[in-house]
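**Student:** Please see the structure below; I have some questions.
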Amino acid sequence: MSAQHAFDYHAAFSRTLGWVTTLELQQLRHKRVAIAGAGGVGGVHLLTLARLGIGAFNIADLDTFELANFNRQAGAMMSTLGQPKVEVMATMARDINPELDLRVFPGGINAGNVEDFLHDVDLYIDALDFFAFEARTAVFAACARLDIPAITVAPLGMGAALINFLPGQMTFEQYFGIAGKSDADKTARFLVGLAPGTPLRHYLIEPHRSDTPHRRGPSTPMSVQLCAGVAGSEAVKILLKRGRTWPAPHSITYDAFLNRHIHCWRPGGRYNPYTRLQVWLVSRYIQHQAAIAKKSGPAQSDASQDTMSRILDLARWAPSGDNEQPWRFEVRSETRLVVHFLNQHADNLYNYAGRPSLISLGCLAENLRLAASRHGWSMAWQYQPQPPGGLLQVDFDRDAAQRTEPLCEFIALRSVDRRPYRRVALETRQKLALEQALGDEFRVCWLEGTRARWQCSRLNASASRIRQGLPEAIRVHRRILDWDHDYSTDRIPVRAVGVSAPTRGIMQWVMRQQKRAEFMLGQLPGGTLAAQLEMELLPGMQCAAHFMLVRNAPAEPDDPSASIRTGMALQRFWLTATKVGLALHPSVATLCFAYYGHHQASFSRDASALPRARRLALRFDRMCLENNVIPELVVFLGRIGTPLPQPAHSRSVRMPLADLMMENSTPNPG
Ligand SMILES: Cc1cc2nc3c(=O)[nH]c(=O)nc-3n(C[C@H](O)[C@H](O)[C@H](O)COP(=O)(O)O)c2cc1C
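So, in structure tokens, the structure goes:
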């Protein structure tokens with residue numbers, strides 16, 4: 001330290017004067033505060049109190065910094081990864097006040113050192129990990145025994161929850177009552193006690209991230225900063241004995257997200273009947289979320305895989321009609337892949353002229369290209385028809401100029417959302433990004449406004465009415481709907497279809513038997529009304545817009561490569577929608593029946609199906625012409641919009657990569 005930059009306590013902390021007197025600053029300088037935990041809140045507590053001018057600290061933590069601490073912990077930086085938290089924080093605090101008297105407990109707190117940790121201490125501030133119940137109980141019990149004021153300010157959501165345990169008042173155990181309880185019970189009691197009146201659930205957007213069994217919970221950097229502000233203010237009041245402090249059973253929460261200050265008083269603490277009811281409800285909620293967390297979501301790729309496997313592992317998240325994943329992968333060499341494509345349009349009437357399956361193959365091709373860019377590989381493809389499917393030969397090339405495509409990050413996060421969306425209009429920048437994503441071969445026609453959305457919704461409802469009652473469609477629906485899983489690897493989970501629970505219940509009963517479904521949906525007047533309303537009319541109006549993807553110039557009729565390029569453009573469009581915060585729902589059935597209507601193609605043994613498809617085709621043509629679009633050039637239909645904030649708890653996932661792999665069929669040159 002040069003003489004020019006010599007430390008001077010008064011100069012360093014004089015700007016607090018006014019809010020504290022000169023005498024009080026001196027008093028703070030001679031106080032000792034114990035802080036257990038030097039991570040999220042503990043680290044910021046220490047730095048805040050050091051800047052307040054407190055002269056002595058006892059700090060304890062047995063952990064080292066890791067990447068998962070970066071979102072909130074003051075000492076977590078690239079330069080401190082792997083270093084003990086107490087040492088790093090002691091260095092940072094001494095950088096603020098080199099005269100600090102710091103006692104460091106790098107082994108954490110245990111029954112053997114708790115008295116030593118609290119020796120000479122004027123105030124204890126709890127900053128232990130949320131789930132460190134044993135150590136927390138031991139320190140608070142010791143504080144009560146030694147008449148040391150103790151406070152806990154817990155970071156909850158985007159707020160801070162304060163409880164003071166002051167000498168002679170209700171103790172920690174009398175308030176929370178967690179001794180001898182199971183971990184789940186302790187969690188519920190601690191959570192309810194901390195913020196009994198705060199409706200945190202209202203904005204915990206992914207509740208299953210509270211992983212109680214693994215002692216992990218979501219956190220924010222804002223909450224720890226708020227906590228340190230609250231703890232510093234309470235420290236001033238307690239240490240200087242002025243201002244009002246509320247001891248337990250009072251709890252005070254400030255929630256910055258809800259803009260609410262909540263002061264609760266729960267006489268009796270753990271015995272309070274309302275608290276007990278809340279603990280019971282929260283326990284059930286935690287159990288429910290733990291069950292959801294167990295179910296599979298998008299899998300993490302395995303770091304030990306080779307480059308080709310990692311590309312395939314990401315690319316397999318491509319969407320496909322009915323989640324059929326009509327592809328199998330044969331790795332021919334380190335950089336050559338052959339995708340065996342199965343186009344089974346004979347037994348799926350939605351796969352008109354095999355186009356939706358080829359479009360899905362295009363989505364996969366685009367995913368392969370994007371996933372390869374992550375590894376600095378470019379990609380070229382070639383398609384050879386081999387009825388009923390074909391072979392997509394993909395050659396990768398190491399390319400020094402290849403940069404990771406930003407859309408990569410959204411491949412496994414993109415998912416069809418069949419629920420109603422918010423009705424806010426698309427922003428100009430969103431539209432622009434989506435239009436650019438399509439490239440030169442395609443354009444998008446937006447169908448916005450109430451009239452256009454109603455026109456599309458009615459068209460989709462008509463398509464729905466045609467398909468719901470057809471024996472051929474019922475057979476497909478019975479095959480592709482998964483009634484047993486919320487995350488289905490090879491079908492569509494029924495909870496992701498977008499109908500209400502009562503309609504789902506009726507659907508399940510109706511669909512159990514083919515004959516019953518044919519009668520109820522095909523013969524009974526109004527049999528498909530609920531499905532039309534819930535799957536087409538309501539969501540069709542509850543969105544920002546419908547859209548048509550349109551080819552700029554005609555392609556050779558039924559050129560498979562043209563459909564693959566459609567799929568590539570569609571996938572870029574869909575991933576861009578995810579990137580700019582929009583949800584998307586295809587309406588390919590309308591396009592499918594319009595195609596049958598145009599081509600007078602027989603597609604059902606129900607004689608009334610074709611005339612209805614012809615009428616639908618006429619209405620579709622009228623809508624296209626009103627929008628200056630040539631009907632034959634429309635390659636995809638759907639609706640788009642800002643999703644509601646509640647995340648879906650059901651989606652199609654994918655078959656494991658191992659199940660999609662084929663043996664290399666080329667003869668071994670050796
Ligand atoms: C070419 C194609 C056509 C599709 N058509 C429809 C459709 O008409 N209605 C629908 O609800 N979903 C449709 N989907 C969405 C798929 O059902 C969905 O992508 C698949 O089940 C996988 O689910 P995910 O997108 O949530 O990963 C279509 C997808 C593709 C690629």
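Going by the UniProt record's numbering, 251 is the number at position 251 of the sequence shown; the sequence numbering is gapless.
Glycine is no exception: its CB is placed at the ideal position from the N, C-alpha and C atoms.
At a cut-off of 7 Å, would you count residue 494 as near ligand 1, judging by its Cβ distance to the nearest heavy atom?
**Tutor:** Your numbering for residue 494 matches position 494 in the sequence shown. Not so, every heavy atom of ligand 1 lies at least 7 Å from the Cβ.
**Student:** With H, G and I counted as helix, E and B as strand and the rest as coil, what does DSSP make of residue 78?
**Tutor:** Stepping through the sequence shown from its first residue, residue 78 is reached at position 78. Looking at residue 78 - three-state DSSP - the assignment turns out to be helix.
**Student:** Any idea if residue 14 is buried or exposed, counting beta-carbon neighbours within 10 angstroms, 16 or more meaning buried?
**Tutor:** If you number the sequence shown from 1, residue 14 lands on position 14. When all chains shown are included, residue 14 counts as exposed.
**Student:** Helix, strand or coil: how does DSSP classify residue 25 here?
**Tutor:** On the sequence shown, position 25 is the one that residue 25 refers to. Note: residue 25 maps to helix in three-state DSSP.
**Student:** Quick check: is any heavy atom of ligand 1 less than 7 Å from the C-beta of residue 343?
**Tutor:** In the sequence shown, residue 343 corresponds to position 343, counting from 1. Result no, Cβ not under 7 Å from ligand 1.
**Student:** Inspect the beta-carbon positions of residue 594 and residue 441 and report whether they are closer than 8 Å.
**Tutor:** The count along the sequence shown starts at 1 and reaches residue 594 at position 594. The count along the sequence shown starts at 1 and reaches residue 441 at position 441. Cβ distance not < 8 Å, so residue 594 and residue 441 don't count as in contact.
**Student:** Which one or two residues does DSSP pair with residue 462 in a beta bridge?
**Tutor:** On the sequence shown, position 462 is the one that residue 462 refers to. Per DSSP, none; premise fails for residue 462.
**Student:** Between the C-alpha atoms of residue 674 and residue 199, what's the straight-line distance to the nearest angstrom?
**Tutor:** Outside the shown range of the chain (1 to 670) lies residue 674, about which nothing can therefore be said.
**Student:** Tell me whether residue 136 is buried or exposed, calling it buried when 16 or more other Cβ atoms sit within 10 Å of its Cβ.
**Tutor:** On the sequence shown, residue 136 is found 136 positions in, with the first residue counted as 1. By the 10 Å Cβ count, residue 136 comes out buried.
**Student:** Hey, would you say residue 480 sits closer than 8 Å to residue 492, going by beta carbons?
**Tutor:** As a first step, residue 480 must be located in the sequence shown, where it is residue number 480. As a first step, residue 492 must be located in the sequence shown, where it is residue number 492. Cβ atoms of residue 480 and residue 492: closer than 8 Å.
**Student:** Beta-carbon within less than 7 Å of residue 538's beta-carbon, same chain only, minus the 5 sequence neighbours each way: which residues are those?
**Tutor:** Counted from its first residue, the sequence shown places residue 538 at position 538. Correct list, in chain order: 420.
**Student:** When the Cα of residue 321 is compared with those of 586, 230, 408, which residue comes out closest?
**Tutor:** By 1-based counting over the sequence shown, the position of residue 321 is 321. Of the candidates 586, 230, 408, the one whose C-alpha sits nearest the C-alpha of residue 321 is 586.
**Student:** Decide if residue 115 is buried, meaning its Cβ has at least 16 other Cβ atoms within 10 Å, or exposed.
**Tutor:** For this step, residue 115 is matched to residue 115 along the sequence shown. Label assigned to residue 115: exposed.
**Student:** How would you label residue 341, buried or exposed, when you count the other beta carbons within 10 angstroms and need 16 or more for buried?
**Tutor:** Here residue 341 refers to the residue found at position 341 when the sequence shown is read from its first residue. Answer is buried; the Cβ neighbour count reaches 16.
**Student:** In whole angstroms, what separates the C-alpha of residue 212 from that of residue 203?
**Tutor:** On the sequence shown, position 212 is the one that residue 212 refers to. On the sequence shown, position 203 is the one that residue 203 refers to. Distance between the alpha carbons of residue 212 and residue 203 is about 18 Å.
**Student:** Residue 7: buried (16+ other C-beta within 10 angstroms of its C-beta) or exposed?
**Tutor:** As a working mapping, residue 7 is identified with position 7 in the sequence shown. With fewer than 16 Cβ atoms within 10 Å of its Cβ, residue 7 is classed as exposed.
**Student:** CA-CA distance, residue 677 and residue 218?
**Tutor:** This structure cannot settle anything about residue 677, because the visible part of the chain is limited to 1 through 670.
**Student:** Is the separation between the beta-carbon of residue 239 and that of residue 20 shorter than 8 Å?
**Tutor:** Here the question's residue 239 lines up with position 239 in the sequence shown. Here the question's residue 20 lines up with position 20 in the sequence shown. For residue 239 and residue 20, no; Cβs fall outside 8 Å.
**Student:** Nearest to residue 403 by CA position, among 372, 68, 391, is which residue?
**Tutor:** Position 403 of the sequence shown, counted from the start, is the residue given in the question as residue 403. Ranking the options by Cα distance to residue 403, first place goes to 372.
**Student:** Which residue's Cα is closest to the Cα of residue 424: 541, 472, 387?
**Tutor:** Indexing the sequence shown from 1 puts residue 424 at position 424. Taking only the C-alpha atoms, the option nearest residue 424 is 541.
**Student:** Using only the heavy atoms of ligand 1, determine whether one of them is closer than 7 Å to the beta carbon of residue 363.
**Tutor:** Within the sequence shown, numbered from 1, the residue matching residue 363 stands at position 363. True, at least one ligand heavy atom lies under 7 Å from that Cβ.
**Student:** Below 8 Å, how does it come out for the segment 80-88 and the segment 54-61: are there three or more Cβ pairs, yes or no?
**Tutor:** Enough Cβ pairs lie closer than 8 Å, so yes.
**Student:** Looking at residue 283: is its Cβ nearer than 8 Å to the Cβ of residue 196?
**Tutor:** Along the sequence shown, read from residue 1 onward, the residue named residue 283 stands at position 283. Along the sequence shown, read from residue 1 onward, the residue named residue 196 stands at position 196. Cβ atoms of residue 283 and residue 196: not closer than 8 Å.
**Student:** Which of helix, strand or coil does DSSP assign to residue 330?
**Tutor:** Here the question's residue 330 lines up with position 330 in the sequence shown. Looking at residue 330 - three-state DSSP - the assignment turns out to be strand.
**Student:** Taking C-alpha atoms, which residue in 24, 145, 566 lies nearest to residue 359?
**Tutor:** Within the sequence shown, residue 359 is the residue found at index 359, counting from 1. Looking at the Cα atoms, 566 is the closest of the given residues.
**Student:** Give the straight-line distance between the Cα atoms of residue 207 and residue 375, rounded to the nearest whole angstrom.
**Tutor:** Mapped onto the sequence shown, residue 207 falls at position 207. Mapped onto the sequence shown, residue 375 falls at position 375. Approximately 34 Å between the Cα atoms of the pair.
**Student:** Under a Cβ-count criterion, where at least 16 other Cβ atoms within 10 Å of its own Cβ denotes burial, should residue 607 be classed as buried or exposed?
**Tutor:** For this step, residue 607 is matched to residue 607 along the sequence shown. So residue 607 ends up on the exposed side.
**Student:** Can you name the start and end residues of the beta strand (DSSP E) that residue 265 belongs to?
**Tutor:** The sequence position of residue 265 within the sequence shown is 265, counting from 1. Taken as a continuous stretch (DSSP letters only), the beta strand (DSSP E) holding residue 265 covers 260-265.
**Student:** Could you give the residue range of the alpha helix (DSSP H) that holds residue 517?
**Tutor:** In the sequence shown, counting from the first residue as 1, residue 517 sits at position 517. Residues 514-517.
**Student:** Using a threshold of 7 Å, is the CB atom of residue 96 nearer than that to any non-hydrogen atom of ligand 1?
**Tutor:** Walking along the sequence shown from the start, residue 96 turns up at place 96. Checking the Cβ of residue 96 against ligand 1 gives no.
**Student:** What's the gap between the Cα of residue 296 and the Cα of residue 649?
**Tutor:** The sequence position of residue 296 within the sequence shown is 296, counting from 1. The sequence position of residue 649 within the sequence shown is 649, counting from 1. Legend: pLDDT at residue 296 = 46, less than 50; position of this residue unreliable, no value from coordinates given.
**Student:** In chain order, what are the residue ranges of uninterrupted beta strand (DSSP E) at least 3 long that sit wholly in the segment 2-58?
**Tutor:** As far as the segment 2-58 is concerned, its whole beta strand (DSSP E) runs of at least 3 residues are 32-36.
**Student:** Helix or strand or just coil, what does DSSP make of residue 160?
**Tutor:** By one-based count along the sequence shown, residue 160 stands at place 160. Strand at residue 160.
**Student:** For the segment 227-237 and the segment 151-159, state whether three or more C-beta atom pairs, one from each stretch, are separated by less than 8 Å.
**Tutor:** Yes, the segment 227-237 is in contact with the segment 151-159.
**Student:** Between residue 665 and ligand 1, is the CB less than 7 Å from at least one heavy atom?
**Tutor:** On the sequence shown, position 665 is the one that residue 665 refers to. Checking the Cβ of residue 665 against ligand 1 gives no.
**Student:** Do residue 147 and residue 32 come within 8 Å of each other at the CB atom, strictly closer than that value?
**Tutor:** The count along the sequence shown starts at 1 and reaches residue 32 at position 32. The count along the sequence shown starts at 1 and reaches residue 147 at position 147. Result no, Cβ atoms of residue 32 and residue 147 do not sit closer than 8 Å.
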